[in-house]
Amino acid sequence: SQMAACSKNQLIINPAQGTGVTNGVIEVELNNTNVVGVSESTVQNAVINELPSYFDGCASAPCGYDHIMICLPPGTSGGWIAYAYLNNWLSVYNDEWCTYLSTQMHEIGHN
């Protein structure tokens, strides 16, 4: 991975595995939730609250993972791109910004 290359193999990122996980990705469904015009933090918190139901035996996020990337669909309020919390497991991306390697590396770097 690019993280391994940039860190001289000091940071190795492996995709999550398990039931419902495809290529390290799970799709979290928020029932009856329209994200258009809603703040990204509201949607982020809704996703985090749903995560434990996708992992057996997990009481709360991050469910044993070192990093979790939340890719939000288009339409949340504001013109934001992505953000991450320092020394934390969480990074959040706005729509297509989730697909850009440079954005992923930048945000994971904050974690």
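First residue of the sequence shown: 2, per the numbering used here; consecutive thereafter. Glycine included, C-beta positions come from ideal geometry on N, C-alpha and C. Values in this document were obtained by computation on a predicted structure and should not be read as measured data.
Please classify residue i as buried or exposed, where buried requires at least 16 neighbouring CB atoms within 10 angstroms.
i	result
N95	buried
C7	exposed
V26	exposed
A1	Only positions 2 to 112 of the chain appear in this structure, which leaves residue 1 out of reach.
T77	buried
E41	buried
M106	exposed
V37	exposed
So, at 8 Å on beta carbons, what are the nonlocal neighbours of residue i in its own chain, with the 5 sequence-adjacent residues on each side left out?
i	result
Y86	S92, H111 and N112
S103	none
M4	L12, I13, I14, M106 and I109
Residue i bridges to which residues according to DSSP?
i	result
Y84	V93
P73	Per the sequence shown, residue 73 should be read as Leu rather than Pro. Beta-bridge pairing links L73 to N95.
Looking only at its own chain, which residues have a Cβ that is under 6 Å from the Cβ of residue i, when we skip the five neighbours before and after it?
i	result
C99	C72
V29	V48 and E51
P63	I69 and W90
Review point. Where are the beta strand (DSSP E) runs, 3 residues long or more, that stay fully inside the region 18–70, in chain order?
Key: none
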